[in-house]
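Each remark here refers to the structure printed beneath this line.
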Amino acid sequence: MDKIRVLVADDHPVVRAGVLSLIESQRDMTVVGEAMDGRDALAKAKALRPDVVLLDISMPGLSGLEVTRLLKESLPSARIVILSMHEKEVYVQQVLRSGALGYLLKGSDPANIPKAIRAANAGEYFLCPRIKSDLIQGFIRGDQGATPVRQYDRLTDREQQVFRLLVEGHSTCKIADMLCVSPKTVEKHRTNVMKKLGFANLTEMVKYALSIGVIDLDFLES
6 MDKIRVLVAD
16 DHPVVRAGVL
26 SLIESQRDMT
36 VVGEAMDGRD
46 ALAKAKALRP
56 DVVLLDISMP
66 GLSGLEVTRL
76 LKESLPSARI
86 VILSMHEKEV
96 YVQQVLRSGA
106 LGYLLKGSDP
116 ANIPKAIRAA
126 NAGEYFLCPR
136 IKSDLIQGFI
146 RGDQGATPVR
156 QYDRLTDREQ
166 QVFRLLVEGH
176 STCKIADMLC
186 VSPKTVEKHR
196 TNVMKKLGFA
206 NLTEMVKYAL
216 SIGVIDLDFL
226 ES
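Put into structure tokens, the structure is as follows:
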């Protein structure tokens with residue numbers, strides 16, 4: 006039986022080591038590589054072509070979400086599972102829309118990790134039970150208060166990328182480098198974002214990002 010080849014990316018050495026050990030303990034899995042930041046993860050995923058990529062959502066350089074989007078553009082067959090500390094529905098929505106097949110909370114049962122890897126390898130979705138329950142409850146409630154999120158959904162995928170990088174504090178030139186586009190293109194996307202969402206400045210964008218869960222206070226204080 007061929008083993009599932011997994012690439013693990015997490016910027017915390019202790020967490021990464023624990024995940025690596027867990028995966029290697031599975032009879033049907035093997036780790037083919039590890040990465041400690043988003044750029045490294047993207048490069049190794051392209052070079053190693055693993056069956057499944059396990060990504061931390063918060064990494065330096067490029068976030069797990071950005072890596073997912075960029076990897077799906079260059080390698081559509083990539084099967085990706087996201088590890089995250091964020092429980093808000095907007096994060097889950099963004100991750101799934103970007104092309105990932107799994108979303109796991111870091112505080113959930115570690116046994117969910119191999120389950121999610123197996124599901125992704127089979128082309129199936131996997132959400133940890135707590136996230137799945139929250140999504141179902143939100144659906145039952147009729148997604149009250151989801152209007153700000155729907156407003157964000159009016160943005161194109163690239164505009165959402167630029168929006169997230171701007172509110173994370175990256176400069177125009179840095180974003181251009183990260184997305185492999187020109188600074189002029191980034192400025193055009195920024196203008197479109199502000200027009201679509203009705204914002205006059207970056208401060209308003211950050212407040213909005215906080216309200217829908219794109220970033221949180223812990224991120225701003227870090």
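So the sequence shown is numbered by my numbering: it starts at 6 and just counts up by one.
We treat Cβ as the ideally placed atom computed from N, Cα and C, and that holds for glycine.
These figures come from a predicted structure and were not determined experimentally.
At which residues does the alpha helix (DSSP H) containing residue i begin and terminate?
i      : result
Glu94  : 94 to 103
Val19  : 18 to 29
Arg169 : 162 to 172
Met210 : 207 to 217
Roughly how many whole angstroms lie between the Cα atoms of residue i and residue j?
i      : j      : result
Glu92  : Asp61  : 14 Å
Met34  : Val58  : 12 Å
Leu109 : Leu88  : 5 Å
Phe168 : Lys200 : 12 Å
Leu76  : Ala124 : 19 Å
Pro18  : Glu39  : 10 Å
Ile118 : Ile180 : 32 Å
Ile220 : His194 : 19 Å
Leu12  : Thr177 : 30 Å
Lys49  : Glu173 : 25 Å
Thr208 : Pro65  : 22 Å
Gln166 : Lys8   : 34 Å
Thr190 : Met6   : 48 Å
Arg159 : Leu132 : 25 Å
Glu228 : Leu67  : Given a span of 6 to 227 for the chain in the structure shown, any question on residue 228 remains unanswerable.
Asp16  : Leu184 : 20 Å
Tyr157 : Tyr213 : 9 Å
Asp56  : Asp182 : 28 Å
Val211 : Gly104 : 25 Å
Asn126 : Leu171 : 33 Å
Ser30  : Pro115 : 12 Å
Leu25  : Arg10  : 12 Å
Leu27  : Ala46  : 19 Å
His175 : Arg32  : 42 Å
Val72  : Arg163 : 13 Å
Tyr130 : Asp42  : 25 Å
Pro81  : Thr161 : 18 Å
Thr152 : Val37  : With a pLDDT of 49 at Thr152, under the threshold of 50, the modelled position of this residue cannot be trusted; read the value that follows with caution. Approximately 42 Å, taken between the alpha carbons.
Ala52  : Ala83  : 12 Å
Got a sec, what are the start and stop residues for the beta strand (DSSP E) residue i sits in?
i      : result
Ser79  : No beta strand (DSSP E) holds Ser79; the alpha helix (DSSP H) holding it covers 69 to 79.
Asp182 : That residue, Asp182, is in no beta strand (DSSP E); its alpha helix (DSSP H) goes 177 to 184.
Glu192 : Not the beta strand (DSSP E): Glu192 falls in the alpha helix (DSSP H), residues 188 to 202.
Met34  : 34 to 40
Val86  : 85 to 89
Verify the CB distance criterion: does residue i have a CB-CB separation below 8 Å to chain B?
i     : result
Val13 : This model lacks chain B altogether, as it is built from one protein chain only.
Going by the DSSP bridge assignment, what does residue i pair with across the sheet?
i      : result
Asp15  : Paired residues: none, contrary to the question.
Arg10  : Thr35
Leu59  : Val13, Val86
Gly43  : Per DSSP, none; premise fails for Gly43.
Gly107 : Val86, Phe131
Report yes or no: do the segment 97 to 105 and the segment 200 to 211 share at least 3 C-beta pairs separated by less than 8 Å? Put simply, the segment 97 to 105 does not touch the segment 200 to 211. Fewer than three CB pairs are less than 8 Å apart.
List, from N- to C-terminal side, the alpha helix (DSSP H) runs of 4 residues or more that fit wholly inside the segment 115 to 139. Entirely contained in the segment 115 to 139, the alpha helix (DSSP H) runs reaching 4 residues are, in chain order, 117 to 126.
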